[in-house]
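A.B. asks:
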Amino acid sequence: MARTDFDSLLAAGAHFGHLKRKWNPAMAPYIFMERNGIHIIDLHKTVAKVDQAADALKQIAKSGKRILFVATKKQAKEIVAEKAASVGMPYVIERWPGGMLTNFPTIRKAVKKMANIDKLLSDGTYDKLSKRENLQIRRKRAKLEKNLGSIADLTRLPSALFVVDVMKEHIAVSEANRLGIPVFAIVDTNSDPRNVDFVIPANDDASKSIELILGAVCGAISEGLEERKAEKVDMEAAGETKAAEKEEAAPAAEEKEAAAE
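In structure tokens:
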């Protein structure tokens, strides 16, 4: 069963590309036609690509790995924050910190600095400082929270990147490419899909289009997480059963040894 459908994508305006003069020729395979100078995306291909990306993301989540969502454009920020948080995945919706992936240890130091400030605030250490110094520290903490709070629990490099608008987030895509991290992205007709591993051809400006596609992929991630949880429960249950069988077998083995003596 498809995770989305032609009619839903059509209603969300996912088929509207950019002006013909702004197109990227590499997007030609995903363009259905031109209407009034605007390229129209082939939504049948979008449906197939959403399913392909969703299945791959589901497997990544099922294996216990992390997926980093990136969208700093106004119409996508809140949607990405809500959807990523709903499946417990990290996200970046403010300015992309250059070197976030390629210089990950430095980013982790900044996150640790934020945690250290929290610790010193809670134990009263900063109460001894002047009001001005205290205010400066709190402002610094607020800035760190705004830029890095949503990746505070990302202790290692993500296993995949999901991007809305690869042109705007080209630095993030470039860093992921350098490190061999697979990139999943909503790609519009003005963008280059060649640096993206899983292309979802669709309107990356319409909030309804973004929300529909993110809902589909995050639904798949949620399934992967649930399956992982279920497998853990089954493994624990199997382990308990094996232990119980071993305990039951032990007295019988002792009796057999005693009889042999």
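Take the position in the sequence shown, starting the count at 1, then add 556; the result is the number in our numbering.
All C-beta atoms in this analysis are idealised placements derived from N, C-alpha and C, irrespective of residue type, glycine included.
Note that the coordinates shown come from a computational prediction; the quantities given were computed from them, not determined experimentally.
(1) Once DSSP output is grouped into helix, strand and coil, what is the label at H600?
(2) Check this for me: beta carbons of D721 and D748, under 9 Å apart or not?
(3) Would you decide whether N510 is buried or exposed? Buried here means 16 or more other CB atoms lie within 10 Å of its CB.
(4) Give me the Cβ distance between V626 and V648, rounded to the nearest whole Å; I'm assuming they're in contact under 8 Å.
(5) Determine the contact status of A568 and A762, defining contact as a CB-CB distance below 9 Å.
(6) How about L575 and P714: do their beta carbons lie closer than 9 Å?
(7) What are the residues that DSSP puts in a beta bridge with R591?
(8) How would you label S765, buried or exposed, when you count the other beta carbons within 10 angstroms and need 16 or more for buried?
(9) Leaving out five residues on either side along the sequence, give the residues of the same chain with a beta carbon under 7 Å from the beta carbon of K633.
(10) When you compare each of H595, N703, L677 and K702 to L691 by their alpha carbons, which one comes out closest?
(11) Per the contact definition of three or more C-beta pairs closer than 8 Å, is the stretch 776-790 in contact with the stretch 590-601?
(12) Could you tell me the distance, in whole angstroms, from the CA atom of A728 to the CA atom of W652?
(13) Using a Cβ distance threshold of 8 Å, determine whether the stretch 595-609 contacts the stretch 683-698, with at least three qualifying pairs required.
(14) Could you please give me the residues that DSSP links to I623 through a beta bridge?
(15) Within this structure, are the beta carbons of G775 and A609 separated by less than 9 Å?
(16) Taking only three categories from DSSP, how would you classify I737?
(17) Quick one: Cα of L770 to Cα of H595, how far?
(18) P738 and L710 - do their beta-carbons sit closer together than 9 Å?
(19) Closest by CA to A698, which one among I742, V773, R734 and D674?
C.D. replies: Reading off the structure:
(1) Numbered from its first residue, the sequence shown carries residue 600 at position 44. Reduced to three states, the DSSP call for H600 is helix.
(2) Start at 1 with the first residue of the sequence shown, and residue 721 comes out as number 165. Start at 1 with the first residue of the sequence shown, and residue 748 comes out as number 192. Taking 9 Å as the Cβ cut-off, D721 and D748 do not qualify as a contacting pair.
(3) Lying outside 557 to 817, the shown extent of the chain, residue 510 is not represented and no answer is given.
(4) Stepping through the sequence shown from its first residue, residue 626 is reached at position 70. Stepping through the sequence shown from its first residue, residue 648 is reached at position 92. About 5 Å separates the two Cβ atoms, so the contact holds.
(5) In the sequence shown, the residue the question calls residue 568 occupies position 12. In the sequence shown, the residue the question calls residue 762 occupies position 206. Going by C-beta atoms, A568 is nearer than 9 Å to A762.
(6) Here residue 575 corresponds to residue number 19 of the sequence shown, with the count starting at 1. Here residue 714 corresponds to residue number 158 of the sequence shown, with the count starting at 1. No, these two residues do not count as a Cβ contact at 9 Å.
(7) The sequence position of residue 591 within the sequence shown is 35, counting from 1. R591 is bridged to I594.
(8) Walking along the sequence shown from the start, residue 765 turns up at place 209. By the neighbour-count criterion, in which 16 or more other beta carbons inside 10 Å mark a residue as buried, S765 falls on the buried side.
(9) To locate residue 633, count along the sequence shown from 1; it is residue 77. Result list for K633: A627 and I649, in chain order.
(10) On the sequence shown, position 135 is the one that residue 691 refers to. Here the closest residue by C-alpha is L677.
(11) Short answer: they don't touch.
(12) The residue you call residue 728 lines up with position 172 of the sequence shown. The residue you call residue 652 lines up with position 96 of the sequence shown. Distance from the CA of A728 to the CA of W652, rounded to the nearest whole angstrom, comes to 7 Å.
(13) Using a C-beta cut-off of 8 Å, the stretch 595-609 makes no contact with the stretch 683-698, since fewer than three inter-stretch Cβ pairs fall below that distance.
(14) Within the sequence shown, residue 623 is the residue found at index 67, counting from 1. Its beta-bridge partners are A716.
(15) Numbered from its first residue, the sequence shown carries residue 775 at position 219. Numbered from its first residue, the sequence shown carries residue 609 at position 53. Taking the C-beta atoms as reference points, A609 is found no nearer than 9 Å to G775.
(16) Position 181 of the sequence shown, counted from the first residue, corresponds to residue 737. In the structure shown, I737 sits in coil (DSSP, three-state: anything other than H, G, I, E or B).
(17) For the purposes of this step, residue 770 is taken as the residue at position 214 of the sequence shown. For the purposes of this step, residue 595 is taken as the residue at position 39 of the sequence shown. L770 and H595: Cα-Cα distance of roughly 23 Å.
(18) On the sequence shown, residue 710 is found 154 positions in, with the first residue counted as 1. On the sequence shown, residue 738 is found 182 positions in, with the first residue counted as 1. In this structure, P738 does not lie closer than 9 Å to L710 by Cβ.
(19) Here residue 698 corresponds to residue number 142 of the sequence shown, with the count starting at 1. When C-alpha distances from A698 are compared across I742, V773, R734 and D674, the shortest belongs to D674.
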